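A short worksheet on the structure shown next.
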Amino acid sequence: MTSADLHRDLRRGVRDLCKGFPDTYWRELDAARAYPDAFVRALTEAGYLAALIPEAYGGSGLGVTEASIILEEINRSGGNAGACHAQMYTMGTLLRHGSDVQKRTFLPQLAGGALRLQAFGVTEPTTGSDTTQLKTTATRKGDRYVIRGQKVWISRAEHSDLLLLVVRTTPIEQVKKRTDGLSVLLVDLRTAVGHGLTIRPIRTMMNHATTELFFDDLEVPTDTLVGEEGEGFRYLIDGLNAERILIAAECIGDGRWFVDRATRYASGRVVFNRPIGQNQGVQFPIARAHVNVEAADLMRFRAAELFDRGAPCGAEANMAKLLAADASWEAANVAVQTHGGFGFAEEYDIERKFRETRLYQVAPISTNLILAYVAEHVLGLPRSY
Ligand SMILES: Cc1cc2nc3c(=O)[nH]c(=O)nc-3n(C[C@H](O)[C@H](O)[C@H](O)COP(=O)(O)OP(=O)(O)OC[C@H]3O[C@@H](n4cnc5c(N)ncnc54)[C@H](O)[C@@H]3O)c2cc1C
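The opening position of the sequence shown corresponds to residue 282 in my numbering, with each subsequent residue numbered one higher.
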């Protein structure tokens with residue numbers, strides 16, 4: 282099978298699955314701020330969430346390119362891959378840096394759906410984008426780590442069995458580089474909650490199941506360590522490129538959904554005895570949004586192709602995320618404007634998707650931080666922070 286055939290079949294398969302979860306499904310969950318359990322279960326049972334898990338562990342052994350197509354199609358269908366995308370990008374850290382025992386223990390269960398790895402804990406309330414300054418510590422005590430600290434915006438923690446947690450294992454004053462001394466732990470949430478870990482949901486403008494985590498001397502076995510102690514920042518950076526590419530693909534899916542809906546509405550809505558889409562003032566913004574989504578898509582596939590070849594792709598992954606998030610946000614605005622008053626009505630879903638796609642200007646990395654990366658690492662300008 283050629284990769285074009287594979288991609289076509291993947292798109293078709295995900296689209297068909299998504300037909301079982303129409304606008305009304307997402308709208309009702311949004312109103313209740315409820316987790317799309319049935320959707321995530323269906324996606325898992327169909328094997329899509331195991332796309333990146335090697336066949337030897339029960340997955341399909343596909344690349345980030347294919348994973349990105351799966352997430353794109355979910356958003357393109359009007360759904361929200363944000364409910365489950367972390368399982369795709371956290372997987373890489375476990376795959377590349379986990380021990381054989383960890384991989385044998387967890388990957389088949391993740392592939393089969395017996396376990397969920399949907400939570401990724403990096404951000405903290407007092408340090409934000411300045412990751413190396415994070416304050417949550419894990420201190421060795423015999424064969425245990427004792428974890429103290431706080432995380433914020435940790436999404437899906439209430440709907441996940443495992444959490445990939447970034448902590449400081451060596452105090453920042455004792456390391457040569459501030460990127461040293463961070464470690465990644467694979468925490469079993471099922472045993473942690475109530476024994477030193479408290480999860481507090483945060484209600485947000487969209488349905489994202491995000492939370493705050495409080496660690497009060499949570500003890501976990503030292504074999505929860507992924508890779509080497511103190512090397513966590515390196516593992517984090519590895520995974521972040523995959524995350525940027527996958528989120529870019531979700532934005533492309535959103536962008537195409539907005540352009541479709543705007544086009545459809547502009548063709549059917551008649552005011553002043555003509556379809557509103559006959560007016561250049563209405564059609565040009567839609568056409569421009571389409572152009573920008575398609576341009577961003579080229580950078581997304583360029584970044585994905587580099588990633589899957591194992592080539593450096595930091596610049597392309599960051600640029601893809603920026604271009605795609607900007608394009609989906611522009612398309613979202615255009616869709617609201619095209620729909621006039623109905624753009625604000627819940628039953629049209631435009632306002633829901635508008636709220637959902639707005640997130641990607643800020644998370645998982647804000648636009649400014651991407652520009653700072655490009656300025657420093659691509660253009661060689663002085664570091665600004
Ligand atoms: C709904 C939601 C879900 C999330 N899910 C997760 C998750 O699952 N796991 C996780 O770890 N995190 C998650 N995050 C956190 C997200 O990654 C952060 O919000 C994001 O990285 C920005 O960090 P911050 O909110 O602390 O903003 P800050 O770092 O405080 O920044 C605030 C603003 O200042 C700007 N800024 C800061 N420093 C500079 C600078 N030097 N130059 C220019 N501009 C600057 C930023 O661009 C931003 O616009 C989530 C966030 C949200 C809102």
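Idealized CB from N, CA, C, for every residue including glycine. A quick note: this is a predicted structure, and the numbers were derived from the prediction, not measured.
- Three or more beta-carbon pairs drawn from the region 524-536 and the region 608-622 are found closer than 8 Å, and the two stretches are therefore classed as touching.
- When secondary structure is reduced to three states using DSSP, Asp304 falls in the helix class.
- Not one heavy atom of ligand 1 is found less than 7 Å from the C-beta of Leu662.
- Taking the Cβ atoms as the reference, Arg437 lies roughly 15 Å from Ala473, outside the contact range of under 8 Å.
- At least one heavy atom of ligand 1 sits closer than 7 Å to the Cβ of Phe401.
- Contact fails between the region 479-491 and the region 509-525, because fewer than three Cβ pairs, one in each stretch, are under 8 Å apart.
- If you draw a straight line from the Cα of Met369 to the Cα of Leu444, it is about 13 Å long.
- Thr386: member of the alpha helix (DSSP H) spanning Asp381 to Gly393, first to last residue.
- Across the set Leu376, Arg639, Asp589 and Tyr338, the C-alpha of Tyr338 shows the shortest separation from the C-alpha of Pro389.
- Scanning Asp607, Leu467 and Pro663 for the CA closest to the CA of Ala530 turns up Asp607.
- With respect to the C-alpha of Arg525, the residue from Ala601, Ala332, Ala331 and His658 having the closest C-alpha is Ala601.
- In the same chain as Gln414, and ignoring 5 residues on each side of it, the C-beta atoms closer than 6 Å to its own belong to Thr408, in chain order.
- The Cβ neighbour count for Leu291, taken over all protein chains shown within 10 Å, is at least 16; the residue is labelled buried.
- Thr404 has its alpha-carbon roughly 35 Å from the corresponding atom of Asp297.
- Ranked by Cα distance from Ala523, the options Glu336, Thr346 and Thr325 are led by Thr346.
- When the beta-carbon positions are compared, Thr417 and Ile428 come within less than 8 Å of each other.
- In this structure, Ser464 lies away from Gly402, with their beta-carbon atoms at least 8 Å apart.
- Judged by their CB atoms, Ala419 and Leu478 are not nearer to each other than the 8 Å cut-off.
- Around Arg377, the same chain offers Asp519 as residues with beta carbons nearer than 7 Å, after the five sequence neighbours per side are excluded.
- Glu405 sits in coil when the DSSP states are folded into three classes, being neither helix nor strand.
- Residue Glu586 holds the alpha-carbon nearest to the alpha-carbon of Ser284 among Glu586, Ala644 and His658.
- Restricted to the region 316-390, the alpha helix (DSSP H) segments that are unbroken, complete and at least 4 residues in length are 318-326, 345-357 and 367-378, listed in chain order.
- Gln431 is positioned such that its CB atom lies no closer than 8 Å to that of Pro452.
- Just so you know, the alpha carbons of Ile435 and Ser441 end up roughly 11 Å apart.
- Judged by DSSP in its simplified three-state form, Lys422 adopts strand.
- By the C-beta density criterion, Ser380 is exposed, having fewer than 16 other C-beta atoms within 10 angstroms.
- At least 8 Å separates the beta-carbon of Asp461 from that of Gly423.
- Secondary structure at Asp461: coil, using DSSP grouped into helix, strand and coil.
- In this structure, the C-beta of Thr505 stays at least 7 Å away from each heavy atom of ligand 1.
- Taken through DSSP and simplified to helix, strand or coil, Phe495 comes out as strand.
- Where Thr648 is concerned, the enclosing alpha helix (DSSP H) starts and stops at Thr648 to Tyr654.
- For Val427, the shortest C-beta to heavy atom distance toward ligand 1 is 7 Å or greater.
- Between Gly340 and Ala348, the C-beta spacing is not below 8 Å.
- Each residue's CA atom was taken as its position, placing Thr485 and Thr619 some 26 Å apart.
- Taken through DSSP and simplified to helix, strand or coil, Leu662 comes out as coil.
- The residue from Leu506, Pro502 and Ala364 with its alpha-carbon nearest to that of Val447 is Leu506.
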